[in-house]
Structures are given as structure tokens and as C-alpha cells.
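Note that the protein sequences, when read in sequence, are chains A and B.
Note that the working numbering has the first sequence beginning at 2, numbered continuously upward.
Note that the working numbering has the second sequence beginning at 251, numbered continuously upward.
First the structure, in the form of C-alpha cells, and then the observations on it.
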Amino acid sequence: MARSVLVVDDSAFMRNLLKQLLEDDHDVVGEAENGVEAVELYHDLDPDVVTMDVVMPIRNGIEATAEIKGDDPNASVIMCTSVGQEEKMREAVKAGADGYITKPFQKPNVLEAIDDVVGVEA
Amino acid sequence: MNLDVESLRTFSSLAHSGAEEAADSLATLTGFDSRVAVTKVEMSTRSDVEQEFRERDLVSVHIGFSGGIDGRTVLAFDRDRAVSLVDALVPGAAEDPASDLATSGLKELGNIMLGGFIDGWADFLGERIDITTPTYVELDADRSLADVIDADGADGASPDIALGGGARKADQTHVLAFQNHLETVDEEAGFYIYMLPTRDSVRRIVDAAGDGDDALPVETFTTFSQMITEGSGQASADLTTMTGINTDVDVSRLSFVPIEGVPMQLTDEARQGVVLEFTGTPSGYIAILFDPESAESVADALMPGMDADPAMRKSAIQEIGNIVTSGFLDGWADTLGTTIDISPPTYVDDIGSAIVDPLVTELARTQEYAFLIDSAIATPDETFTCDIYALPDEQELRTAFERLAPEAN
């Protein structure tokens with residue numbers, strides 16, 4: 002089942018790449034460049050899933066995730082990060098992240114992560 | 251054997267003085283003025299030292315030394331350019347640069363320059379140091395630097411210059427090398443002097459420099475050097491995953507260099523890439539740089555078949571810099587049991603030395619010397635190369651070393 006996805010990443014290249022990876026299976030309904038935009042767009046679009054970069058200017062992904070999950074505990078947020086440090090992962094989990102994928106990733110990793118957090122039922 | 255930053259400063263200063271002696275010898279012999287451009291104390295593997303020779307297409311004159319300290323010292327240079335200087339020493343040498351006469355002149359030049367270099371160390375130690383006759387060496391496919399070092403001992407014995415580090419192969423053992431770059435003022439000729447003391451000699455000169463309160467086992471530095479190699483390996487793997495092109499780590503080194511010498515470690519050729527700040531233990535700056543052709547190749551590989559606009563290509567380079575940095579630093583954080591935060595990448599497009607200038611200026615507020623970490627990742631067919639330069643804060647890197655010390659013991 003196609004899910005609505007909000008892609009959050011400060012890199013235009015990475016947002017573009019994620020859109021390409023997801024376009025056959027899901028609907029990318031919005032893109033945000035930083036944590037502030039992510040929170041705003043989440044409330045506007047109410048997506049099924051958010052893919053959230055960690056390191057972003059203005060507001061980082063961990064802070065944005067904490068706010069989104071604070072407002073909507075049922076939100077599904079996948080951290081999508083190049084930072085693979087164990088301590089950073091623990092921080093993301095603490096902020097309420099439902100899953101994470103580490104860059105560089107391939108299409109199956111992204112689809113699997115979405116299935117893991119929102120289920121695969123039709 | 252413990253090593254502290256104060257000892258490294260002493261070594262750096264001593265190696266610089268030795269190199270100035272060598273530069274004076276060169277001027278006396280040939281009439282050409284020269285200056286010591288950079289002196290650095292380098293922790294690397296023998297294969298990495300060899301890689302420097304091969305990259306720069308250098309030939310060399312080797313001299314063994316023994317007495318107060320033992321080891322090998324090497325004068326490396328571009329043969330054709332050096333021969334033009336030797337003509338002043340051996341008239342007629344430049345007419346046939348490949349001749350035995352020219353080679354003989356180069357050996358003599360090496361003998362005198364390296365003799366001056368070693369004299370400075372003997373004076374510091376207050377001990378006599380004897381040198382062997384010079385050997386002229388050209389590395390080729392059948393002859394590695396490790397072969398040369400192992401074979402050219404005055405007494406026929408293989409000098410133990412390895413500092414350890416759990417190496418699997420002899421050429422992967424870590425060595426402490428003192429590297430000096432001499433430039434002639436009016437001629438386009440440069441010389442590199444390497445001094446590779448044996449392990450016992452490193453112990454002796456460390457003892458002579460004195461252990462400070464913050465001295466750490468020398469193995470701490472080799473452990474850190476291995477960490478750099480592993481970080482480079484992860485960065486290489488991430489580059490391969492992103493681009494679909496196989497890459498390998500060419501070089502990874504830890505050097506201790508006067509802060510003003512850092513920009514000179516980069517060439518004045520154009521570079522594109524990213525600069526990031528990292529904060530934690532340690533904090534500092536990192537630059538991920540490509541030559542323009544490599545940057546094009548990487549962007550093409552990241553966006554195959556796409557007619558991407560310049561902004562998207564720039565974004566792709568920023569993202570690859572981001573991912574390479576994370577691959578490089580994540581292992582450090584996990585090994586040190588800490589977190590290292592990484593800033594968003596800033597795109598840079600300038601000559602290499604100008605890119606690192608602002609980073610050096612920032613660090614120079616609080617330190618006179620820098621630990622410079624440099625790695626090179628390349629594809630076997632040279633489709634692209636990626637250079638990584640990390641400049642950690644000296645004080646914080648010292649704290650990181652302290653965290654590693656128990657593991658090293």
C-alpha cells in the first residue's frame with residue numbers, strides 16, 4: 002500500500018534521490034529543508050511517514066522529531082542519517098524515532114524501513 | 251616508551267634545524283639558495299611513505315646512521331630537476347641527466363645534505379652518530395621502499411624501524427618519520443628528507459626530550475593511527491556504495507606539523523568539495539576535496555543519466571562530503587566512547603591551500619602546532635580521487651589520546 006511520505010533533508014540531492022527511490026511505491030507529499038519546516042509541513046500534510054535527516058541547519062532532525070512525536074505520538078519517523086555513531090542512535094531513539102537508515106542506502110533499505118514502521122498490510 | 255606533545259615539538263624543531271643545515275649544505279655546494287618549507291613528524295606505515303615517493307615520482311639517496319641513534323635517512327627528489335643543481339657540483343652532469351656521472355653527483359649531494367641533517371641530531375643528543383656511504387635508489391615495480399630499507403643496513407641487518415600496531419604485513423607496520431621539505435629559491439627543485447629511526451632510537455630520543463606529565467605510551471599514537479586507517483576504510487566503502495565505483499584507501503597518515511605549515515601540505519591546484527566542523531572529543535575541522543575532474547566524475551556517478559543543473563551537482567558533492575565525513579569519524583566516536591557532532595557541509599571551490607587557510611587561522615588562535623590527518627581514497631583506474639584532511643584541536647586530541655591509552659597498554 003502506498004504511503005504518504007514527508008522527506009526532510011537539507012541536501013537537495015538527497016531529497017531528489019529519496020523521491021526517486023520512493024516514487025514507484027509511495028507518494029512523496031512534501032519536502033522540508035530543515036527541522037522548522039519539517040514540523041510545519043508535518044502539521045499541514047499529516048503524512049503517514051517522515052524520513053528525517055539528523056544534521057541540518059536552523060533546527061536538527063532530533064529536535065524536530067521530538068517535537069513531532071510530542072504533538073503526535075502516533076507519528077512515524079524514520080531517521081535517515083549519515084551519522085552511524087552508537088550514541089547518536091540512542092539520542093534519536095530517545096527523541097522518539099521509530100526507525101533509522103544509515104546513508105549511503107539502497108532502495109530496499111528505505112522501503113524496508115517504511116514497511117517496518119507503518120506495516121505492509123493492504 | 252612514553253611520548254608527549256612537548257617531545258613532538260622538540261622533534262619538530264630539531265628536524266627543522268637539521269633540515270636548515272642540509273639547506274645550507276646545498277647552498278654551499280651548488281650556489282643555489284634554498285629554504286625549509288615544511289617540517290613534520292609523521293606517524294604512518296612504510297607503505298604510506300612509499301606511496302608518497304611513488305605519487306611524487308621521486309628517486310632517492312639513502313644513508314644509514316648508527317651510534318647515538320640508529321636508522322635510515324633518505325633524501326628524495328625529482329631526478330631531472332635535481333640534476334640541474336648537481337651540474338654546479340659535477341660540471342657536465344646536466345648534459346646527460348641519466349649518466350653515471352649525474353648519479354654520482356646526486357649521491358654526493360645526498361651524502362653532504364644528509365650528513366648536515368644528522369649532525370644536528372648528534373649535537374642535540376650529545377653523542378656521535380656515524381653514517382654509511384650513500385645508496386642511490388629508484389623504486390620500481392620490483393623494488394619497494396620496504397625492500398630498500400630492509401636491505402641497506404650498514405651491518406647487513408634489517409633495521410627495526412617499526413613502532414608496532416599489530417600489523418599483518420611488514421609494510422603495514424607504523425613508523426615514526428621526520429619529514430622535511432626543502433625548496434630552492436630560484437630553481438624549481440625540491441627535496442624531501444625523511445629520517446626513519448629504529449624503535450630503540452625513538453625510545454632514546456624520546457627519553458632525551460624528556461617525558462612530560464601528559465606523556466602517553468607511544469602505542470597510543472599507533473592505535474590512533476590505525477583508527478584513522480579504519481575510518482578511511484569506512485569512508486572508502488561509503489564512497490563505493492554511493493557511486494557504484496570501487497575505491498581503495500591510498501594513504502592515511504597522522505602528522506605533527508607547525509600550524510603555518512598546514513596549507514603547504516595541500517597543493518595550489520584547484521579543489522572542489524566540502525568543509526565541515528566537528529565538535530566533541532575531539533573537535534576540529536575536516537575538508538573532503540576533489541580535483542575538478544574527480545568532482546565531475548563523482549557527480550556523474552551519483553546522478554547517472556541525469557542532466558543535473560549546477561546547483562544539484564553542488565548538492566551532490568555536499569552530500570557525498572557529508573557521508574564520507576561520517577564514515578571517517580563515526581568509528582572514532584565509537585572507539586573513544588564519545589559523540590562527535592558534525593556541522594552541515596559548506597561547499598568550497600578554490601585552490602587547496604586557500605581552502606584550509608581559514609581553518610588554520612581559527613586553530614592558530616590557540617595552538618602553534620597541529621595534528622594533521624590526511625587520507626587519500628582513489629579508484630584503481632583513477633576515475634577519481636578524494637582527499638580527506640582533518641585538523642583536530644590539539645588539546646582535545648590529547649584528551650582523545652588519553653582515552654585510548656588504557657587500550658594501548
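Just so it is clear, CB atoms sit at the ideal spot from N, CA and C, and this is done for glycine as well.
For a contact meaning CB atoms closer than 7 Å, what does residue i contact in chain B?
i, result
"residue 126/A", "Outside the shown range of chain A (2 to 123) lies residue 126/A, about which nothing can therefore be said."
"residue 85/A", "576, 580"
"residue 58/A", "594"
Between which two residues does the alpha helix (DSSP H) carrying residue i extend?
i, result
"residue 593/B", "First-last for residue 593/B: undefined, no H or E at that position."
"residue 615/B", "From DSSP, residue 615/B is part of no alpha helix (DSSP H); its letter is neither H nor E."
"residue 67/A", "62-72"
"residue 303/B", "296-306"
"residue 41/A", "36-46"
"residue 562/B", "560-586"
"residue 537/B", "Careful: residue 537/B lies outside any alpha helix (DSSP H), inside the beta strand (DSSP E) at 534-540."
For residue i, return the contacting residues in chain A, with the cut-off set at a CB-CB distance below 7 Å.
i, result
"residue 491/B", "105"
"residue 589/B", "86, 88, 89"
"residue 566/B", "14"
"residue 488/B", "105"
"residue 573/B", "83, 104, 105"
What residue range is occupied by the uninterrupted beta strand (DSSP E) comprising residue i?
i, result
"residue 620/B", "619-628"
"residue 85/A", "Element bounds for residue 85/A: n/a, residue is neither H nor E."
"residue 109/A", "No beta strand (DSSP E) holds residue 109/A; the alpha helix (DSSP H) holding it covers 108-119."
"residue 441/B", "440-447"
"residue 641/B", "635-642"
"residue 326/B", "321-327"
"residue 317/B", "309-317"
"residue 528/B", "520-530"
Taking 6 Å as the limit between beta carbons, can you name the residues of its chain near residue i, skipping five residues before and five after?
i, result
"residue 583/B", "589, 590"
"residue 533/B", "643, 646"
"residue 33/A", "9, 39, 42"
"residue 490/B", "496, 497"
"residue 640/B", "536, 623"
"residue 573/B", "488"
"residue 650/B", "531, 532, 586"
"residue 288/B", "431, 511, 514"
Would you kindly work out how many angstroms separate the C-alpha atoms of residue i and residue j, rounded to a whole number?
i, j, result
"residue 75/A", "residue 551/B", "38 Å"
"residue 102/A", "residue 498/B", "24 Å"
"residue 344/B", "residue 337/B", "5 Å"
"residue 84/A", "residue 268/B", "44 Å"
"residue 316/B", "residue 368/B", "10 Å"
"residue 110/A", "residue 100/A", "11 Å"
"residue 374/B", "residue 487/B", "45 Å"
"residue 510/B", "residue 276/B", "24 Å"
"residue 299/B", "residue 566/B", "33 Å"
"residue 69/A", "residue 80/A", "13 Å"
"residue 108/A", "residue 427/B", "46 Å"
"residue 77/A", "residue 602/B", "43 Å"
"residue 86/A", "residue 576/B", "9 Å"
"residue 571/B", "residue 25/A", "28 Å"
"residue 113/A", "residue 632/B", "35 Å"
"residue 64/A", "residue 21/A", "27 Å"
"residue 58/A", "residue 611/B", "24 Å"
"residue 279/B", "residue 361/B", "12 Å"
"residue 329/B", "residue 450/B", "33 Å"
"residue 30/A", "residue 12/A", "17 Å"
"residue 92/A", "residue 120/A", "24 Å"
"residue 417/B", "residue 480/B", "With a pLDDT of only 39 at residue 417/B, under the threshold of 50, the placement of this residue in the model should not be trusted; the figure read from the coordinates follows. Taking the straight line joining both Cα atoms gives about 13 Å."
"residue 291/B", "residue 445/B", "10 Å"
Leaving out five residues before and five after residue i in sequence, what residues of the same chain have Cβ atoms less than 8 Å from its Cβ?
i, result
"residue 598/B", "521, 522, 523, 524, 525, 537, 539, 605"
"residue 564/B", "597"
"residue 28/A", "3, 4, 5, 6"
Can you name, in chain order, every residue of its own chain whose Cβ lies under 7 Å from the Cβ of residue i, other than the five neighbours on each side?
i, result
"residue 67/A", "96, 97"
"residue 351/B", "340, 342, 343"
"residue 727/B", "In the structure displayed, chain B extends from 251 to 659; residue 727/B sits before or after that span and is not available."
"residue 116/A", "none"
"residue 118/A", "50, 77, 79, 99, 100"
"residue 386/B", "311, 353, 356, 357"
"residue 259/B", "619"
Residue i versus chain A: which residues are under 9 Å apart at the beta carbon?
i, result
"residue 561/B", "13"
"residue 505/B", "Ordered by position in chain A, no residue passes the 9 Å Cβ test against residue 505/B, which lies about 25 Å from the chain."
Show which residues of chain B have a CB atom less than 8 Å away from the CB atom of residue i.
i, result
"residue 108/A", "Within chain B, no residue comes near residue 108/A; the closest Cβ sits about 12 Å away, beyond 8 Å."
I want to verify the contact list: residues of chain A whose CB lies under 8 Å from the CB of residue i, in sequence order.
i, result
"residue 585/B", "Under the 8 Å cutoff, chain A gives no residues; its nearest Cβ is about 10 Å from residue 585/B."
Can at least three beta-carbon pairs, one atom from the segment 302-312 of chain B and one from the segment 323-331 of chain B, be found at a separation below 8 Å? yes
Three-pair Cβ contact test at 8 Å for the segment 625-636 of chain B versus the segment 485-502 of chain B: yes
Pair every Cβ in the segment 30-49 of chain A with every Cβ in the segment 4-12 of chain A, then say whether three or more of these pairs are closer than 8 Å. yes
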